[in-house]
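To start, the structure itself, in structure tokens.
Numbering (our numbering), first residue to last: 57 to 193.
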């Protein structure tokens, strides 16, 4: 089979990709993989403050306790979760008769992912949620 080079760009190709469960799983896996790779660089950069002393590192850790960074941490969890669950789906598809059940596996794993995402959101923002409800009582 010969693959022909097209005049279309990569993003046009992705936009024209069939958007069923397998297509969405492919797109989610690529986006989450890129996001996790970018996070590794940010994480290494953040850890570089360790070379500047304890005070600089403590100041940076205090910054990371702000609500914006908690929201970013929750988003990071979403990327890790999506990449992990889709990786499990890929393993199931690759072994045995998983290709016959890949749509159901995608649906079930996404439901599990949404539930885990919401539970993690509660844990990340539990202090803020507690403050909101403490004011109501």
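Just so you know, even glycine gets a beta-carbon here, dropped at the ideal spot from N, CA and C.
As the structure is a computational prediction, the values presented were derived from the model and not from experiment.
- Under the three-state reduction of DSSP output, residue 187 falls in the helix class.
- DSSP places residue 129 within a helical segment (H, G or I) once states are collapsed to three.
- Each residue's CA atom was taken as its position, placing residue 189 and residue 183 some 10 angstroms apart.
- With the rule of 3 Cβ pairs closer than 8 angstroms, the stretch 159 to 170 counts as touching the stretch 141 to 151.
- Take residue 106, set aside five residues on each side of it, and the residues of its chain with a beta-carbon closer than 6 angstroms to its own are 113, in chain order.
- Scanning 76, 116, 128 and 156 for the CA closest to the CA of residue 94 turns up 128.
- Counting along the chain, residue 169 sits inside the alpha helix (DSSP H) bounded by residues 158 to 180.
- Between residue 89 and residue 137, the C-beta gap is not smaller than 8 angstroms, which leaves the two residues out of contact.
- CA-to-CA, the gap between residue 122 and residue 172 works out to about 22 angstroms.
- Pairing residue 143 with residue 192, the inter-Cα distance amounts to about 43 angstroms.
- Distance from the CA of residue 84 to the CA of residue 152, rounded to the nearest whole angstrom, comes to 24 angstroms.
- Closest option to residue 179, judged by alpha-carbon separation, among 126, 139 and 155: 126.
- CA-CA distance, residue 185 to residue 102, rounds to 28 angstroms.
- Residue 141 sits buried, since 16 or more C-beta atoms from the chains shown fall within 10 Å of its C-beta.
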